[in-house]
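Trainee: The structure under discussion is supplied below as structure tokens; questions concerning it will follow.
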Amino acid sequence: LERTEWNLWRDSGEARPMEGPDFPGLSNRRDGPLRSILDETGFQPCLQPWYIDVHRTLIAAPRSINQCPTSKITWQKFVDIVWDRFHPVRNVYVRVLHFNSIFNANAGATYTISTARQLLEVRPDPDANRRKSLLLIRWDTKNKDLSLLPTPTFLRILASLILVGTGPVRIDTLPPIETLDFILLPGGFCVIHEAGIVLFDDWQRHDLPVAELHTEIELLMDRYDYLEGGTGENSNALRIRVHELGQAIMGLNQGRYKKLSKEKLLMQINKIKFDVERTWLNTEGALRWRDFRAAVEKRWGLTGAKEEIYATLDRLESTLRTETEIRTGKLVSILTIYGFPIAIFAGFFSYTMEGWGLLQGADRFLNGNIHGIHIPGLLTFGGLSVATVLLMKLFFWLKK
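So, in structure tokens, the structure goes:
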């Protein structure tokens, strides 16, 4: 803090205030009052330094002199400096397991172990086809007799490793403890966050079953990407497909299904149901990791997702079938009202058309015939049909 303070004053071209009262009764040297601890060239002892008390529970800023500020360090800079010096994992070294090949659930994946690095420097391997990250780290023997407890701050630090990307881990980048889950595992533990999972091999008596856990996590990622949509080639999210299907059924001219007929929309619903069932079966894991999977599914929003999708598809199918039944009912009503009278009377008045095109010469205009069509009979047929249609429409209207 003092080094930063002196540099800021020097860069500003201003002289750092040197006068003013000292902290009464405090000293950071055995031979004098509290002064700046720096003896570097260009730095002079200051009676208003940054001060840390002997119990390391108080960090005091320089006092103001005559209501003028004696520090140019901003609050954010102060927080960053204190974090760099006092964060709880500053001396912790770990090794990262990097996967070498594209994962295959049957063949597994090979991996290499990195050299020892400080914990805050490690990051998950980037995967352009995944929306979730996986970081596998192992306790290093360089830590010797160090030990760590799964305190909230430590767990938040682990979760931040998959959140910050390539940026630094700072105290203000730590996620709230409510946004993560801590699960004990044979040979280690894991931290589950919405952004991904951190597996920690704590180098205890049992080895962390890396291959098995990797299998489970990859299957869960497959299920999540299928439901919510991954990136690149995996962007065809199930939820988006169901949403667009609903838009098409509601008659909105949007989405990939907007030009499909009602029959083809029903086929799409059944196709999606089959696809969901197949995906869920293909991404089932081992019973041994049932509790682990349940925790991940809950944090990632996968719990009950299949049932939710099925319920939505059932509602869409019901809506579509109801609309189809209404259309069919209207068609039946039209056929009943208009077709039934015509069909009934057509048999009685079929003689009206028997001579059409058969009579020649003057016979075409005799006995009420015009070109062989019996006009009186045709008019009678038309009148009775119209009257019957009107009576049937009145009947259905009164029935409503």
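Position 291 of the sequence shown, counted from 1, bears residue number 618 in the numbering used here, the numbering being contiguous throughout. Idealized CB from N, CA, C, for every residue including glycine.
On the DSSP bridge list, what partners appear for T439?
Mentor: Taking the first residue of the sequence shown as 1, we reach residue 439 at position 112. DSSP output for T439 lists H425 as bridge partner(s).
Trainee: Less than 8 Å separating the beta-carbons of L592 and A575?
Mentor: As a working mapping, residue 592 is identified with position 265 in the sequence shown. As a working mapping, residue 575 is identified with position 248 in the sequence shown. Yes, the pair counts as a contact, with Cβ atoms nearer than the cut-off.
Trainee: Got a sec? Which residues, its chain only, sit under 7 Å from N561 by beta carbon, not counting five neighbours each side?
Mentor: One-based indexing of the sequence shown puts residue 561 at position 234. In this predicted model, N561 has a pLDDT of only 43, less than 50, meaning its place in the structure is not dependable enough to derive any value.
Trainee: Would you list the residues sitting across from V525 in a DSSP beta bridge?
Mentor: Reading the sequence shown from its first residue, position 198 is the one you call residue 525. Bridge partners of V525: L462, V518.
Trainee: What separation, rounded to the nearest whole angstrom, lies between the Cα atoms of E634 and L572?
Mentor: Translated into the one-based positions of the sequence shown, residue 634 becomes position 307. Translated into the one-based positions of the sequence shown, residue 572 becomes position 245. Taking the straight line joining both Cα atoms gives about 17 Å.
Trainee: What first and last residue would you give for the beta strand (DSSP E) that runs through I510?
Mentor: Within the sequence shown, the letter at position 183 stands for residue 510. Bounds of the beta strand (DSSP E) holding I510 are 507-512.
Trainee: Tell me which residues share the same chain as A689 and place their Cβ nearer than 8 Å to its Cβ, disregarding the 5 neighbours each side in the sequence.
Mentor: Position 362 of the sequence shown, counted from the first residue, corresponds to residue 689. For A689, the pLDDT reaches just 46, beneath the cut-off of 50, and the residue's location in the model is therefore unreliable, leaving the point undetermined.
Trainee: Express the C-alpha separation of D407 and K600 in angstroms, rounding to a whole number.
Mentor: Taking the sequence shown and counting its residues from 1, one reaches residue 600 at position 273. Taking the sequence shown and counting its residues from 1, one reaches residue 407 at position 80. Roughly 52 Å between the two C-alpha positions.
Trainee: Hey, E543 and F426: beta-carbon distance below 8 Å or not?
Mentor: Taking the sequence shown and counting its residues from 1, one reaches residue 543 at position 216. Taking the sequence shown and counting its residues from 1, one reaches residue 426 at position 99. No, these two residues do not count as a Cβ contact at 8 Å.
Trainee: Report buried or exposed for G559, applying the criterion of at least 16 other Cβ atoms within 10 angstroms of its Cβ.
Mentor: Against the sequence shown, residue 559 aligns to sequence position 232. Confidence at G559 is low in this model, with a pLDDT of 46, below 50, so its placement is unreliable and the value that follows should be read with caution. It is exposed - the Cβ of G559 has fewer than 16 other Cβ atoms within 10 Å.
Trainee: Within 10 angstroms of its Cβ, does I400 collect 16 or more other Cβ (buried), or is it exposed?
Mentor: One-based indexing of the sequence shown puts residue 400 at position 73. It is buried - the Cβ of I400 has at least 16 other Cβ atoms within 10 Å.
Trainee: For D534, count the other beta carbons within 10 Å of its own beta carbon; 16 or more makes it buried, fewer makes it exposed. Which is it?
Mentor: Here the question's residue 534 lines up with position 207 in the sequence shown. Exposed: under 16 other Cβ atoms inside 10 Å.
Trainee: Residues in the same chain with beta-carbon distance under 6 Å from R337, minus the five sequence neighbours each way, listed in chain order, please.
Mentor: Counting from one through the sequence shown, the residue named residue 337 turns up at place 10. Around R337: no qualifying Cβ.
Trainee: Evaluate the contact criterion for the segment 493-500 versus the segment 600-619: three or more CB pairs, one atom per stretch, below 8 Å.
Mentor: no
Trainee: Would you mind sorting I596 into buried or exposed? The rule is 16 or more other CB atoms within 10 Å of its CB.
Mentor: Here residue 596 refers to the residue found at position 269 when the sequence shown is read from its first residue. By the neighbour-count rule (16 or more Cβ atoms within 10 Å), I596 is buried.
Trainee: Classify P503 as buried or exposed, calling it buried when 16 or more other Cβ atoms lie within 10 Å of its own Cβ.
Mentor: On the sequence shown, residue 503 is found 176 positions in, with the first residue counted as 1. Around the beta carbon of P503, fewer than 16 other beta carbons sit within 10 angstroms, so the residue counts as exposed.
Trainee: Does DSSP put Y378 in a helix, a strand or coil?
Mentor: As a first step, residue 378 is located in the sequence shown; it is residue number 51 there, counting from the start. Y378 falls in the strand class under three-state DSSP.
Trainee: Using alpha carbons as the reference points, say which of L488, A522, V537 lies closest to L512.
Mentor: Mapped onto the sequence shown, residue 512 falls at position 185. The shortest C-alpha separation from L512 is found at V537.
Trainee: In or out: L385 buried (at least 16 other Cβ within 10 Å) or exposed?
Mentor: Looking up residue 385 in the sequence shown gives position 58. Exposed.
Trainee: Taking just the CA atoms, how far does G556 sit from R566?
Mentor: Indexing the sequence shown from 1 puts residue 566 at position 239. Indexing the sequence shown from 1 puts residue 556 at position 229. Each residue's alpha carbon lies about 8 Å from the other.
Trainee: Please classify M548 as buried or exposed, where buried requires at least 16 other C-beta atoms within 10 Å of its C-beta.
Mentor: Counting from 1 along the sequence shown, the entry for residue 548 is found at position 221. That one is buried.
Trainee: Roughly how many angstroms separate the alpha carbons of K589 and G515, rounded to a whole number?
Mentor: Numbered from 1 along the sequence shown, position 262 holds the residue referred to as residue 589. Numbered from 1 along the sequence shown, position 188 holds the residue referred to as residue 515. The alpha-carbon atoms of K589 and G515 are separated by roughly 54 Å.
Trainee: Grab me the residues of F481's own chain with a C-beta within less than 8 Å of its C-beta, minus the 5 sequence neighbours each way, in chain order.
Mentor: Working through the sequence shown from its first residue, we reach residue 481 at position 154. Here the set comprises P415, V416, L475.
Trainee: Return the chain-ordered list of same chain residues with a C-beta closer than 7 Å to the C-beta of S441, the five sequence neighbours on each side being excluded.
Mentor: On the sequence shown, residue 441 is found 114 positions in, with the first residue counted as 1. Here the set comprises R422, V423, H425.
Trainee: What is the DSSP secondary structure of Q595, counted as helix, strand or coil?
Mentor: For the purposes of this step, residue 595 is taken as the residue at position 268 of the sequence shown. Three-state result, Q595: helix.
Trainee: Looking at the secondary structure, which residues open and close the alpha helix (DSSP H) in which K469 lies?
Mentor: If you number the sequence shown from 1, residue 469 lands on position 142. No alpha helix (DSSP H) contains K469, which DSSP labels as neither H nor E.
Trainee: Compare the C-alpha of R465 against each of D499, T649, L485 and name the closest.
Mentor: Here residue 465 is taken as the residue at index 138 of the sequence shown, counted from 1. Of the candidates D499, T649, L485, the one whose C-alpha sits nearest the C-alpha of R465 is L485.
Trainee: For the alpha helix (DSSP H) containing H541, list its first residue and its last residue.
Mentor: Taking the sequence shown and counting its residues from 1, the one referred to as residue 541 is at position 214. Counting along the chain, the alpha helix (DSSP H) containing H541 begins and ends at 537-555.
Trainee: With a 10 Å radius around its C-beta and 16 neighbouring C-beta atoms as the bar for buried, classify S645 as buried or exposed.
Mentor: Within the sequence shown, numbered from 1, the residue matching residue 645 stands at position 318. That one is exposed.
Trainee: So which of V603, E521, T439, D454 has the shortest CA-CA distance to I636?
Mentor: Position 309 of the sequence shown holds residue 636. I636 has its Cα closest to that of V603, out of V603, E521, T439, D454.
Trainee: In chain order, what residues of the same chain have a beta carbon less than 7 Å from the beta carbon of N470, not counting five sequence neighbours either side?
Mentor: Numbered from its first residue, the sequence shown carries residue 470 at position 143. Result list for N470: V419, Y420, in chain order.
Trainee: Within the continuous alpha helix (DSSP H) that includes K625, where are the two ends?
Mentor: Translated into positions along the sequence shown, residue 625 becomes position 298. Element bounds for K625: 617-627.
Trainee: Cβ of W402 within 8 Å of Cβ of I498?
Mentor: What you label residue 402 is simply residue 75 of the sequence shown in a count that begins at 1. What you label residue 498 is simply residue 171 of the sequence shown in a count that begins at 1. Not closer than 8 Å, so no.
Trainee: Would you list the residues sitting across from R444 in a DSSP beta bridge?
Mentor: Taking the first residue of the sequence shown as position 1, residue 444 is located at position 117. DSSP, once it has assigned bridges, lists V421 as partnering R444.
Trainee: What residues in its chain sit with their C-beta under 7 Å from that of T397, if we drop five residues either side in the sequence?
Mentor: Translated into positions along the sequence shown, residue 397 becomes position 70. P344, Q375, P389, R390, S391.
Trainee: Going by CA-CA distance only, name the one from L473, T649, A522 that's closest to S487.
Mentor: Residue mapping note: residue 487 aligns to position 160 of the sequence shown, counting from 1. Nearest option by C-alpha distance: A522.
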